[in-house]
Amino acid sequence: KQEVTQIPAALSVPEGENLVLNCSFTDSAIYNLQWFRQDPGKGLTSLLLIQSSQREQTSGRLNASLDKSSGRSTLYIAASQPGDSATYLCAVRPGSGGSEKLVFGKGTKLTVNP
Amino acid sequence: DAGVIQSPRHEVTEMGQEVTLRCKPISGHDYLFWYRQTMMRGLELLIYFNNNVPIDDSGMPEDRFSAKMPNASFSTLKIQPSEPRDSAVYFCASSQGTGGRTGEQYFGPGTRLTVT
Numbered sequence: 006k007q008e009v010t011q012i013p014a015a016l017s018v019p020e021g022e023n024l025v026l027n028c029s030f031t032d033s034a035i036y037n038l039q040w041f042r043q044d045p046g047k048g049l050t051s052l053l054l055i056q057s058s059q060r061e062q063t064s065g066r067l068n069a070s071l072d073k074s075s076g077r078s079t080l081y082i083a084a085s086q087p088g089d090s091a092t093y094l095c096a097v098r099p100g101s102g103g104s105e106k107l108v109f110g111k112g113t114k115l116t117v118n119p
Numbered sequence: 004d005a006g007v008i009q010s011p012r013h014e015v016t017e018m019g020q021e022v023t024l025r026c027k028p029i030s031g032h033d034y035l036f037w038y039r040q041t042m043m044r045g046l047e048l049l050i051y052f053n054n055n056v057p058i059d060d061s062g063m064p065e066d067r068f069s070a071k072m073p074n075a076s077f078s079t080l081k082i083q084p085s086e087p088r089d090s091a092v093y094f095c096a097s098s099q100g101t102g103g104r105t106g107e108q109y110f111g112p113g114t115r116l117t118v119t
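Chains as they are written, first to last, in the working numbering: chain A, 6 to 119; chain B, 4 to 119.
So this is what it looks like as structure tokens:
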């Protein structure tokens, strides 16, 4: 059974700092991996999606990497801003794409202090 | 597009009452997902549909929970009878699926359910 773990559960940093959020999964047989952002009281917003054949994806100040063999992904946020404060969730799609099911980690709550 | 629409946004009910949550997916998306989020268990998939047909309902906790999708633009998640442990945020999401695409899922704002 696929399990996704995100460490740390919470992170507090000063504005301007570069930071890395970690995600690990137990089964390397994944179709893709997705990073989401969740603001308090809101739904999830997709940030980046990495296919199993890819190593990384970039969007603005965000960069996500994938090392399937070691079961790890990282989300790098450059020059953090208070507006980046949110919970970041990692989700994997197990298998070869036959199922649309996503398995989520419990998230990392990020606070960027001005 | 207005995105995934869920109603109500908040629901407070007493134990034993029937609760119905509603979802309108993004037009053109043929997959619809129902998730539940709690502090203890995080975000869990309850059930998903493809072209209005339930594909995987292995996450539905028990017979008190049922989901339907009578057409491509509407789905319901019903809890009958409700219990305090059902208190959670319920999310609906939709996607175009993989099949040559990324299968990226788009989430609604959620329904916060409180059962007293």
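From the three backbone atoms N, C-alpha and C, an ideal C-beta is built for every residue, glycine too.
Query                                                                                                                                                             : Result
What three-state label does DSSP hand ARG44(B) in the structure shown?                                                                                            : coil
With three or more beta-carbon pairs closer than 8 Å as the criterion, would you say the region 107 to 115 of chain A touches the region 50 to 68 of chain A?     : no
Counting contacts by CB-CB distance shorter than 7 Å, is TYR93(B) in contact with chain A?                                                                        : no
Can you list the residues of chain B that GLN39(A) reaches, using a CB-CB cut of under 8 Å?                                                                       : GLU107, GLN108
Near ILE29(B), which residues of its chain fall below 7 Å by C-beta distance, leaving aside the five closest residues on each side in sequence?                   : ASP4, GLY6, VAL7, SER97, TYR109
Kindly say whether LYS6(A), judged by its beta-carbon, lies nearer than 7 Å to any beta-carbon of chain B.                                                        : no
From the DSSP output, read off the bridge partner residues of PRO28(B).                                                                                           : Partner(s): none; PRO28(B) has no beta bridge.
Just tell me which of SER74(A), GLY103(A), GLY65(A) has its CA closest to the CA of ASP32(A).                                                                     : SER74(A)
Going by the CB atoms, is the gap between GLN43(A) and THR92(A) shorter than 7 Å?                                                                                 : yes
Measure the C-alpha to C-alpha separation of ILE50(B) and PRO87(B) and round it to an integer number of angstroms.                                                : 21 Å
Which residues in chain B sit within 9 Å of SER51(A), going by Cβ to Cβ distance?                                                                                 : GLU107, GLN108, TYR109, PHE110
For GLY76(A), which residues of its own chain have a beta-carbon under 8 Å away from its beta-carbon, when the five flanking residues on both sides are left out? : SER29, PHE30, THR31, ASP32, SER33
Report the CB separation of ILE82(A) from ASP72(A) in whole angstroms; it is logged as a contact under 8 Å.                                                       : About 18 Å; that fails the 8 Å criterion.
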